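Q:
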Amino acid sequence: MLRLQPYDLFIKYTPGRHLYIADTLSRAALTEHTLTDFDEEISLHVDLLYKNLSIYPAKLKEIEEIVDLLYKNLSIYPAKLKEIEEMSVIDTTFRDIKKYCKDGWPENKHKVIDSVKPYFAIKDEIHVIKLLIP
-12 MLRLQPYDLF IKYTPGRHLY IADTLSRAAL TEHTLTDFDE EISLHVDLLY
38 KNLSIYPAKL KEIEEIVDLL YKNLSIYPAK LKEIEEMSVI DTTFRDIKKY
88 CKDGWPENKH KVIDSVKPYF AIKDEIHVIK LLIP
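Numbering (the working numbering), first residue to last: -12 to 121.
1. Kindly indicate the opening and closing residues of the alpha helix (DSSP H) around K125.
2. If you reduce the DSSP assignment to three classes, tell me which class D(-5) lands in.
3. Can you give the Cα-Cα distance for I109 and L(-4), rounded to whole angstroms?
4. Would the segment 101 to 115 count as touching the segment 80 to 92 if we require 3 or more Cβ pairs under 8 Å?
5. On the three-state DSSP scale, how would you describe H114?
6. Taking the C-alpha atoms as reference points, what is the distance between P93 and H114?
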């Protein structure tokens, strides 16, 4: 959703009989489940982090460990990750988004800083983990 936010999309319906490649791919779909156990476990933990806001304090340590694990296992080179972290400190829009995530978003879009207004519509989908917005 974040990637599509800046664009004005035009959607045109095309009947299925004119979508030859899509029809072929849907008929030749994989029959086996492609997620590994590790992927499912990460998905479960991420869902827990983002959807279950009433977490017991005893689970907090476990959740922090999971976040650290996810952070360490990002498929990105350490030098690039360091560059992203450095740029996120400099970027004022990122700092404003991080502040709103931490302190809470205003109820009205008009009370939001101008640079952050494009993100107001998806504020419930934005989360900050360490210095990154995944």
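Beta carbons: idealized from backbone N, C-alpha and C, even for Gly.
Owing to the predicted nature of the structure, the values given are computational and were not obtained by experimental measurement.
A: In short:
1. The requested residue 125 is not part of the displayed model; the chain covers only -12 to 121.
2. D(-5): coil per DSSP, three-state reduction.
3. Their Cα atoms are separated by approximately 17 Å.
4. In this structure the segment 101 to 115 lies against the segment 80 to 92, because at least three pairs of beta carbons, one per stretch, are closer than 8 Å.
5. Here H114 carries a coil assignment [DSSP, helix/strand/coil].
6. Cα to Cα, P93 sits roughly 16 Å from H114.
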